[in-house]
Structure formats: structure tokens, C-alpha cells
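Peer 1: Chains B and S, in that order, are what the protein sequence lines are. Mapping of the first sequence onto UniProt numbering: position 291 corresponds to residue 291, and the numbering continues sequentially without gaps. Mapping of the second sequence onto UniProt numbering: position 106 corresponds to residue 106, and the numbering continues sequentially without gaps. Glycine included, C-beta positions come from ideal geometry on N, C-alpha and C. A quick note: this is a predicted structure, and the numbers were derived from the prediction, not measured. Take a look at the following structure, please.
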Amino acid sequence: MTTTAQYNFAYLDEQTKRMIRRAILKAIAIPGYQVPFSSREMPMPYGWGTGGVQVTASIIGPNDVLKVIDQGADDTTNAVSIRAFFAKVARVATTTHTSDATIIQTRHRIPEKPLGQGQILVYQVPIPEPLRFLEPRETETRKMHALEEYGLMHVKLYEDIARHGRIATTYAYPVKVEGRYVMDPSPTPKFDNPKMHMSAALQLFGAGREHRIYAVPPYTEVVSLDFEDHPFTIQHFEDPCALCGAEQVYLDEVILDDRGGHMYVCSDTDNCEERRAAGHVGTLGMQEAAE
Amino acid sequence: MSQDFSHQEPLLRVEGLTKYYGSRLGCAHVDFDLWPGEVLAIVGESGSGKTTLLNSLSATLEPTSGKTMYRMRDGQWRNIYELSEAERRFLVRTDWGFVHQNPADGLRMTVSAGANVGERLMAVGDRNYAHIRDTALDWLGRVEIAADRIDDQPRSFSGGMRQRLQIARNLVTGPRLVFMDEPTGGLDVSVQARLLDLLRGLVGELGLAAIVVTHDLAVARLLSHRMMVMKDGYVIEAGLTDRVLDDPREPYTQLLVSSILQV
């Protein structure tokens, strides 16, 4: 007989999963509201996505197909280890293809390919409270959410314009969900904010260290805050992706040498690979093919 | 300073206001009416219950008994401690102002002067940056802060400037009633004089009602129409400021008035 430890399906015990599912249901019922939950110790450090992992562990079933991305990439340490974790403790199929996945756990990015009905996007959230750095008292921020006192959020945007001439917040850009709660969309670039609006996929947010879960149900209004005379805009890139030639996507800068050489490539690696497989080529992709 | 209030309805009606801290008395049986545009000074030595009274009036400290009725903008009389929390907080940041003795308590020290003035506007739904900034510039001008300091944080301001900024921040939504807790405390004498001058101008120009707590009788003389003298939690004398200061009736008030240093 083997004596190795036997884990419950998807690591967490069933009571814990029930507790987290209750929190998720409440979060879906009140879009954008931060539901407290009793976060567990996970076999990875805080900051590695323990909130997202607990949400995923509570909703995953044996037939699900899991994709994990970190900064848009499927092949970074964090993404690889979380994918391996669920492959081991839940024996689920994993994929890097956005369209094949039923659950996508993410840190920072929303895939470029539009998500469809039935897909669930799970965000790993470091700081769920959008008002945290403006009002450090948690008792006060909860009251402000309850009474819908969100003037302070605009103070931050005002400061941006006063100092930089434009709204300089580029990530964790505050949004208003379904006309009620102001929500921090986790450290995603503001480029992805419009993708949250009226998305067909269910979006769940888990903050492990902060013990909070919140959600944006499918087809929910998500509006980025702004001023009438300084409307919300997303980042704009001059050049297309150097590998696949994609435009209107979020790009990462890659340093090529120590003489200032650099290129911009798709942050979403799956999108880039699929485009290249379909025959799209960027300026540097040519050379790569020639080599 | 004299004004005829007889034809108007009061703005604030205080009846039997009492606050106990456990068995210890904060202030007891305070009754008064405050009319629109009237400035009332509350004077007394420290520990006499001035600040307890001010906090009880300004919805920050619930009194043990008694009523504080306020006439809202729609003419309705409401007991401020029977308002819902949402209504009370809205009232406090639109129709009221609170000037703290220490400006750091009333300002956001880590955001610019412009944002400090603009915060109340944004809180009531102003979403036009240019308008917020123009209003902030206008108010900085009215409290004599140079326009080029609009993007500086109050941390870099002198004590007098901070206090003037705090006043601008409170007055930007056009409140009808302002509470001030030792507004000139901690400032040197020439800065005090300038601030009093400014306050007197603004109060007159905007028709503000104000309740000013001070231990400085000169502040009361310059700013207020009426004054209340407190001792050990009780109001021992009340009346027109000039009457109380020129012809004090109570022995304690006589002592207070005669203890002003003459230079």
C-alpha cells in the first residue's frame, strides 16, 4: 500500500469550497461589491495568486480546461506552476489556447481574443480596495462604498491631470460596475478595461491576502471613471507587434542588446503564436523565419 | 457689528443639549437659536465644555439628551441626529463646513491645494476638470493664496496658508453654516489678525452663519455678533458680544474680561 498523502480534489476540502462558492454567489449577485471570505493558506506565498487559486479551486470540475496567464504569457514561472498545480491536484486538462479554455486564471491581462459565454476569467488581485491609498481606514472606505461616496476617486484623477496634464494612471484604473460600486480591476493595464464592459464571460476576482472576492457577471456595464473634459483613453502603440504584425493589441517592450535596441511584441503570447501560425509576420518575425 | 435678525426664521435651534461622558459632564442644558448670517462665539477656559458642545452640534458626537434642529435648504426642520447617516454625511459636506484648529485634521495633506478645494465639488458630482480647477483658483484667490501654489501640497504651506486653504475647502460648496474650533489657535499674532480680517470679510460677504469656539476674547469681539460664556459645562452668560464684553454680569465673565493682557 502506498502511504503518500492524498489530496482532496482541487486541493481545498469540500467545506472550504462551499464557503468560497457562497462568497462567489454573493459577489455575482452584487456586481463589484467586495465580499469577505475566510482565505486559506495555500501551498504558495501571498502575492503569487493565492486568491485566484482559491477561486479556481472552488469552481473547477473534472471536465474543465484550464489556462493560466501571467502578464499575458502562458510560459512564465507563475503561470507554469499554477497550471502544474491544478494538473496535479485536480487532474484537469490544461491549455494555452484562449478559445479552448473554460477557466482562465490571470494576473494583469485579459486575453486579446474576445471571451465567449461559458468561459470564466479568474483574476488574482493584490489590493481589492480602490480607495486604499486615498483613505487608509478600512472602516471608512466600507462606509464610502455603502453610501456611494466616490468623490475621492476623482481626487486621484484630478491630481494626475494637475501633475501630468492627463490622467496618468495606466493600470488598476478604477471602474464603476453596473452604475453602483467602484471597483479596482486588479493590476490589469487600462488597455483591458473596455474588454470588461458587457463581456460574455463571467469575471471573478480573488484577493487571498486581503480576504475579499468580487465579481462582474456576464453582460454587465463596466465604465472607467473620467472627467467630461478629460475622457478615458487606452494606451496607443505606434508600431505593430514585431513578430506577428498585430495592431490594436497590448505590447511589451523587449530589450534586444545593450545599445538601446528594442522591439515591441504581443503581451498575449497565445494570440501572437496563433497569428504567426496563420501566416501573419511582423518586421522582426521575417528575420526569425529567415534564420 | 449689528444686524437685525428679527424678521427671519432661525437656521439652528438647540434645546436642552446635554452630553455626559459616562458620569462625567461634558456640557449641560444648552439652549440657543442661531439665525442665518449670525456669528456666535462660544468662549470659556479649557475644559469648560466648548469643544464638546461644538462636536455635539456638528453631528460628530451624539449628545446624551436634547435636540439640535436644523432648517434644511427645503425649509424642513430636521433633528440632525435623526437623519440617516447618508443624509447627515451629505449635509456635513455640502451645507456645513468645519474648520479645525489644526489644519492637518481638515485637509488632505498629500494631495494638492487645488484637489483639496475641489474635493467637495467632486463629491457632489462635478465631473468637469476645467470647472473644478477654475473654481479652485477663484477660491485660492479669495483666501489670498497665490495662483501658482495650486498644484503644491499643503505640506509645503505655512500654518497661516494651511488655515486659509482649509477655509477655502470648506466654503467652496457655499455652506450656510460653518463650525470653527479655535480657527486662529497656533498662529502668530500678525497672521491671526490677517486671518480674522479675511474670515470677517467672507462671513459678511457670503452671509454665513458660524459658530466659533475660542478662548481668545479678541477673536470673539472681532468676529461674533453674540457670545456664550461657558464654565464647567454650563452656559453661565449669553448675550450680544459687545454687551457681554463691555458690561459682564457674571463674576466669572468679569474675571475673564479683566484678565485680557493690556499692552
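Can you tell me which of the three DSSP states residue 336 of chain B falls into?
Peer 2: Nothing about residue 336 of chain B can be read from this structure; chain B reaches only from 1 to 291.
Peer 1: Who are the neighbours of S:N55 on chain A, taking C-beta pairs under 9 Å?
Peer 2: Here chain A cannot be found, since the structure's protein chains are B and S.
Peer 1: Which term fits B:H262, buried or exposed, when burial requires 16 or more other beta carbons within 10 angstroms of its beta carbon?
Peer 2: Answer is exposed; the Cβ neighbour count stays below 16.
Peer 1: Counting pairs of Cβ atoms below 8 Å between the region 154-161 of chain B and the region 92-104 of chain B, do you hit three or more?
Peer 2: The region 154-161 of chain B vs the region 92-104 of chain B: no contact.
Peer 1: Beta-carbon of S:N170 versus every beta-carbon of chain B: anything under 7 Å?
Peer 2: It does not: the Cβ of S:N170 has no partner Cβ on chain B nearer than 7 Å.
Peer 1: Chain S beta carbons: is any one of them nearer than 7 Å to that of B:V155?
Peer 2: So yes, B:V155 belongs to the interface.
Peer 1: Taking CB distances under 7 Å as the criterion, tell me whether B:I161 reaches chain S.
Peer 2: Yes - at least one Cβ of chain S is within 7 Å of the one on B:I161.
Peer 1: Would S:K231 and S:S112 qualify as a contact pair, given that the criterion is a beta-carbon distance under 7 Å?
Peer 2: No. Outside cutoff.
Peer 1: Please report how far the alpha carbon of S:R142 lies from the alpha carbon of S:A168, in whole angstroms.
Peer 2: Cα to Cα, the separation comes out at about 8 Å.
Peer 1: If you draw a straight line from the C-alpha of S:Q254 to the C-alpha of S:L83, how long is it?
Peer 2: The alpha-carbon atoms of S:Q254 and S:L83 are separated by roughly 40 Å.
Peer 1: Closer than 6 Å by C-beta to B:Q203: which residues in its own chain qualify, once you throw out the five before and the five after it? Chain order, please.
Peer 2: These residues qualify, in order along the chain: L121, V216.
Peer 1: Scan the region 125-153 of chain S for residues whose Cβ lies nearer than 7 Å to a Cβ of chain B and list them as they occur along the chain.
Peer 2: Answer in chain order: R127, N128, Y129, A130, I132, D151.
Peer 1: State the Cα-Cα distance for the pair S:L171 and S:R13, rounded to the nearest angstrom.
Peer 2: In a straight line, the C-alpha of S:L171 is about 22 Å away from that of S:R13.
Peer 1: Compare the Cα-Cα distances from B:P185 to each of B:Q248, B:H211, B:V223 and report the closest residue.
Peer 2: When only C-alpha atoms are compared, the closest one is B:V223.
Peer 1: The ligand ZN and B:Q6: does any heavy atom of the ligand fall closer than 6 Å to the residue's C-beta?
Peer 2: The ligand ZN is absent from the structure shown, which contains no ligands of any kind.
Peer 1: Could you tell me the boundaries of the beta strand (DSSP E) in which B:D70 lies?
Peer 2: It spans 65-70 - the beta strand (DSSP E) in which B:D70 sits, taken as one unbroken run.
Peer 1: Could you tell me the distance, in whole angstroms, from the CA atom of B:G279 to the CA atom of S:I150?
Peer 2: Their Cα atoms are separated by approximately 55 Å.
Peer 1: Quick check on the burial criterion: 16 or more other C-beta atoms within 10 angstroms. Buried or exposed for S:F179?
Peer 2: Per the 10 Å Cβ criterion, buried.
Peer 1: Please confirm if the region 39-48 of chain B is in contact with the region 111-120 of chain B, defined as three or more CB-CB distances below 8 Å between the two stretches.
Peer 2: Segments in contact, no.
Peer 1: Would you say S:V111 faces chain B, with C-beta separation under 7 Å as the test?
Peer 2: Yes - at least one Cβ of chain B is within 7 Å of the one on S:V111.
Peer 1: Going by C-alpha distance, which of S:A28, S:L53, S:R133, S:S46 is nearest S:L40?
Peer 2: Taking only the C-alpha atoms, the option nearest S:L40 is S:L53.
Peer 1: Between the region 228-241 of chain B and chain S, which residues of the former have CB atoms less than 8 Å from a CB of the latter, in chain order?
Peer 2: Residues E228, D229, H230.
Peer 1: Kindly say whether B:L131, judged by its beta-carbon, lies nearer than 7 Å to any beta-carbon of chain S.
Peer 2: Output row for B:L131: interface = no.
Peer 1: I want to verify the contact list: residues of chain B whose CB lies under 8 Å from the CB of S:M161, in sequence order.
Peer 2: Simply none; closest approach about 18 Å.
Peer 1: What whole-angstrom Cβ distance do B:I20 and B:F9 have, given they're in contact under 8 Å?
Peer 2: So it is not a contact: roughly 14 Å between Cβ atoms.
Peer 1: Residues of the region 173-193 of chain S with a CB closer than 9 Å to any CB of chain B: list them in chain order, please.
Peer 2: Going along the region 173-193 of chain S in chain order, one finds no residue with a Cβ nearer than 9 Å to chain B.
Peer 1: Just tell me which of B:I213, B:I167, B:D75, B:L225 has its CA closest to the CA of B:R180.
Peer 2: Comparing Cα positions, the closest option is B:L225.
Peer 1: Just how far apart, CA to CA, sit S:S2 and S:P154?
Peer 2: Here S:S2 scores only 49 on pLDDT, less than 50, and its place in the model should not be relied on; the value that follows carries that caveat. Those two C-alpha atoms are separated by around 36 Å.
Peer 1: Residues bridged to B:Y46 by DSSP?
Peer 2: B:Y46 is not bridged to any residue.
Peer 1: Suppose you measure from the CA of B:G282 to the CA of B:D270; what does that come to, to the nearest Å?
Peer 2: Answer to the nearest angstrom: the Cα atoms are 16 Å apart.
Peer 1: Just to confirm the assignment, what range does the alpha helix (DSSP H) spanning B:V125 have?
Peer 2: No alpha helix (DSSP H) contains B:V125, which DSSP labels as neither H nor E.
Peer 1: Quick one: is B:K195 buried, meaning 16 or more other Cβ sit within 10 Å of its Cβ, or exposed?
Peer 2: Buried, because 16 or more other Cβ atoms sit within 10 Å of the Cβ of B:K195.
Peer 1: Do three or more CB pairs link the region 69-84 of chain S to the region 112-123 of chain S at distances below 8 Å?
Peer 2: No contact exists between the region 69-84 of chain S and the region 112-123 of chain S.
Peer 1: Are the region 234-252 of chain B and the region 123-138 of chain S touching by the rule of at least three beta carbon pairs closer than 8 Å?
Peer 2: Taking 8 Å as the limit for Cβ pairs, the verdict is that the region 123-138 of chain S does not touch the region 234-252 of chain B.
Peer 1: Could you work out which residues of chain B lie near S:A59, taking near to mean beta carbons separated by less than 8 Å?
Peer 2: Result: empty, since nearest Cβ-Cβ is about 14 Å, beyond 8 Å.
Peer 1: What ranges does the beta strand (DSSP E) occupy inside the region 127-182 of chain B, keeping only unbroken runs of at least 3 residues that lie completely in it?
Peer 2: Taking only runs of at least 3 residues, the beta strand (DSSP E) segments lying wholly in the region 127-182 of chain B are 175-177.
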